[in-house]
Amino acid sequence: MPRTSFPTSFRWTHRRRREISGWNFPDGSPQLKEIRFGLSTRINRRVTATVNRDFLPWTSPDNNQDRQTFKMAPPTYLYKLMDTAPPSPMPETLSLSDLDKHDGFIHLSNAEMAPKTSSMFLGHCNKLWILKLQRSALDGRIEYSTDPKAGVVDGCAHLHESKTGLGSGNVESVIEMEKTSEQDWTEVAEWSKL
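All letters in the sequence shown, in the order written, are residues 2 to 195 by the numbering used here.
Below you can see the structure in the form of C-alpha cells.
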C-alpha cells in the first residue's frame with residue numbers, strides 16, 4: 002500500500018510520468034522525496050502568489066506601499082456602564098463618574114466590548130445599569146481605543162470635549178443586569194439585549 006494519500010488515479014498517473022520521463026527511483030528513495038517536495042513547493046508558491054495577486058492585493062510582496070487597511074463602520078449604539086442606578090426620570094445631564102472626571106473624557110463601550118469591560122473593571126458588582134446611547138446624538142469627538150494584539154478594533158469608545166455629556170437628550174434606554182457572585186459578567190445572557 003503506498004504511503005501517500007493521493008487518489009489512485011493520481012498515483013497511477015504520477016508513476017506513469019516517472020516511468021516515461023526516466024525517473025525510475027523506488028518509492029521511498031531520497032531522490033523521489035526531493036522531487037515531490039520540489040513539486041509541492043512550486044505548486045504552493047504558485048497558488049499563494051495567485052491568491053495574493055487576485056484576492057489580497059494589499060499583501061502582495063511587490064507593492065507593500067499600496068497596502069490597504071479596512072475599518073469597520075462605527076457602531077450605531079454605544080453603552081455607558083454604571084455600577085449605580087441612574088436617577089429616574091433621566092435628567093438633562095448626568096454627573097460624571099470619578100473616573101471620567103479624572104481622565105477628562107467619558108468612557109463608553111460598544112456591544113462587543115461591554116461584557117469584557119464589565120468583567121475587567123466592574124467584576125466586583127453584582128448589578129449593573131447600562132445606558133444605551135445613540136452614537137449620532139452624542140456631541141464631542143469620539144475616539145476608539147484599539148489593541149490589534151488582542152483583536153480589538155474600534156473597541157472602547159472615549160467621548161472627548163462633550164458640552165452636553167450624557168442625559169435625557171442622548172440616552173435611549175437603561176438596561177438593568179444582574180449576576181450571581183459566582184458568575185463572570187461575560188457569562189450573563191442579558192448582553193443579547195444590547
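Glycine included, each C-beta is placed from N, C-alpha and C at the ideal position.
query, result
"Have a look at Lys128 and Asn171 and give me their C-alpha separation to the nearest angstrom.", "23 Å"
"Compare the beta carbon distance of Leu139 and Leu160 with 9 Å and say whether it is the shorter of the two.", "yes"
"Take the Cβ of Met178 as the centre, count every other Cβ of all protein chains shown within 10 Å, and call the residue buried at 16 or more, exposed below.", "buried"
"Does the distance from the CB of Leu79 to the CB of Leu123 come in under 9 Å?", "no"
"State buried or exposed for Leu217, treating a residue as buried only when at least 16 other CB atoms are found within 10 Å of its CB.", "Outside the shown range of the chain (2 to 195) lies residue 217, about which nothing can therefore be said."
"Quick check on Ser193: does DSSP put it in helix, strand or coil?", "helix"
"Is the Cβ-Cβ distance between Glu162 and Arg142 less than 9 Å?", "yes"
"Thinking just about the alpha-carbon of each residue, which of Pro87, Gln184, Thr187 and Ser110 is nearest to the one in Trp130?", "Pro87"
"Please report the distance separating the alpha-carbon of Glu93 from that of Lys102.", "18 Å"
"I need the boundaries of the alpha helix (DSSP H) containing Lys81, first residue and last residue.", "Taken as a continuous stretch (DSSP letters only), Lys81 belongs to no alpha helix (DSSP H), being part of the beta strand (DSSP E) at Tyr78 to Met83."
"Looking only at its own chain, which residues have a Cβ that is under 6 Å from the Cβ of Ser110, when we skip the five neighbours before and after it?", "Tyr80, Thr118 and Cys157"
"Taking the straight line between their C-alpha atoms, what separation do you get for Gly168 and Leu95?", "5 Å"
"Classify Met121: buried if its beta carbon has 16 or more other beta carbons within 10 angstroms, exposed otherwise.", "exposed"
"Roughly how many angstroms separate the alpha carbons of Asp185 and Glu191, rounded to a whole number?", "13 Å"
"Would you decide whether Pro75 is buried or exposed? Buried here means 16 or more other CB atoms lie within 10 Å of its CB.", "exposed"
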